[in-house]
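Taking it in order: structure first as structure tokens, then the write-up.
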Amino acid sequence: MSNLLNSLGKYSLLLIFLFYANSTIAQDGTIYPLETPDEPNAIPLGTGGVKDQPATETWFRQWGDPMARNITVATLTPFLPEPGKANGATVIVAPGGGFRWLSLDNEGWKVAKALADQGINAFVLKYRLHPTPESLDGFRDSMNRTFDAAANSAQGGESRPRPVQRDLSDQLEDAEAAYAMIVERAEEWGVDTDRIGMIGFSAGAGLTMHSTLNSKTMKLAFIGPIYGGMGPVEVPKNAPPMFNVIATDDFLFNGQNGIIESWYKAGIPVEFHLYQNGGHGFGLGNPNRTSNRWFDAFIHWLDVNEFLSPKSTD
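If you count by mature numbering (1 follows the signal peptide of the UniProt record, and there is no 0), then the sequence shown holds residues -26 to -1, 1 to 288, one letter each, in order.
In structure tokens form, the structure reads like this:
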């Protein structure tokens, strides 16, 4: 567990560095203010607010993507397949952002739409976040300080930041509430409750793993941590099959595959895709990266493992 928490802590220290490191992407890395978009289908989860959070939710744009910070109200947004296409399989999608913001488009809505196109019920989890400065200038400054510390660490500087231990109790509560709502409304949404899985990106991968290791109420059929922490963990006896993706040029890899070994030694099915390149935060893919085919591989994995069709009752 300590290895997982260390991996989760690194998100808040190093994620900005990753945005800068991926500067080859043809988007502007400057943080711009963004008017809060409409989310007409977002359903409040009723899990409460965030302690010691005076700021309200605000949005910004970076790398061309809309992102939200200071989220105090968790929601769940359904993306359901067209009538006649649904197969009953269901995925909770957890975007990333170092638990300080959420990349809701790149690692949420776009992924959910792609899943729905495959006949899969998808639900984007907008979970509560740790506070950031209320003003955008203050947020930029805090991110710049994080980047400076991370760059120094990545270049072998003498002053290396220590990983921050994050309290994920709010985020786990949000994930459990999302799962409970999906089960409660399963008939309405066409959900097969035996085939509910969860995938997450970066910090969302950390939340996916944290839910797998700690939740007493979620019975996930499968999980997909996408470019998450790679340290070893203690695997529960009832842990679900895992599909895992990361690129070699992602700082979270660093030659580690402890989480894969943990699943393998526990005798639980695991599939691991280590890509030559892709960096961090690539979502469904960036131009000319070998990691761009991971989603196709994921759908194939779901199909081969019979998650895309009801289990026989014979």
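Note that the Cβ used here is the ideal one computed from N, Cα and C, for glycine as well. A quick note: this is a predicted structure, and the numbers were derived from the prediction, not measured.
* Which residue's Cα is closest to the Cα of V219: G62, I233, Y153 and A60? -> I233
* Between the Cα of V24 and those of V85, G252 and D141, spot the shortest distance and give me the residue it belongs to. => D141
* To do: Rank Q145, D91, G241 and W268 by C-alpha distance to the C-alpha of L99 and give the top, closest one.
  => Q145
* Given V85 as reference, the closest of Y101, F73, T191 and I66 once Cα atoms are compared -> I66
* Rank E158, H184 and M216 by C-alpha distance to the C-alpha of G171 and give the top, closest one. => M216
* To do: May I ask you to report which of helix, strand or coil DSSP gives S(-4)?
  => Reliability of the predicted coordinates at S(-4) is poor, the pLDDT of 34 falling under 50, and no value is obtained from them.
* **When S189, N44 and G205 are compared against H104, the one with the closest alpha-carbon** => N44
* Asked: So, using beta-carbon positions, are N251 and R267 closer together than 9 Å?
  -> no
* For F227, which of helix, strand or coil comes out of DSSP? -> coil
* Exposed unless 16 or more other CB atoms sit within 10 angstroms - verdict on G198 -> buried
* **Neighbourhood of L165 by C-beta, 8 Å cutoff - its chain only, sequence neighbours within 5 removed** => For the sequence presented, residue 165 should be read as Val rather than Leu. Closer than 8 Å at the Cβ level, and outside the excluded window around V165, lie G62, T64, N95, I156, V157 and R159.
* E9: first and last residue of the uninterrupted beta strand (DSSP E) it sits in -> E9 -> no beta strand (DSSP E), and no H or E assigned at all.
* Asked: By the 10 Å Cβ neighbour count, where 16 or more other Cβ atoms means buried, how is Y6 classified, buried or exposed?
  -> exposed
* What's the gap between the Cα of A29 and the Cα of E108? -> 5 Å
* According to DSSP, residues forming a beta bridge with N95 -> T64
* Asked: Can you name, in chain order, every residue of its own chain whose Cβ lies under 6 Å from the Cβ of R136, other than the five neighbours on each side?
  -> Bear in mind that the predicted position of R136 carries a pLDDT of just 44, short of 50, making it unreliable; the figure below should be weighed with that in mind. No residues qualify anywhere along the chain.
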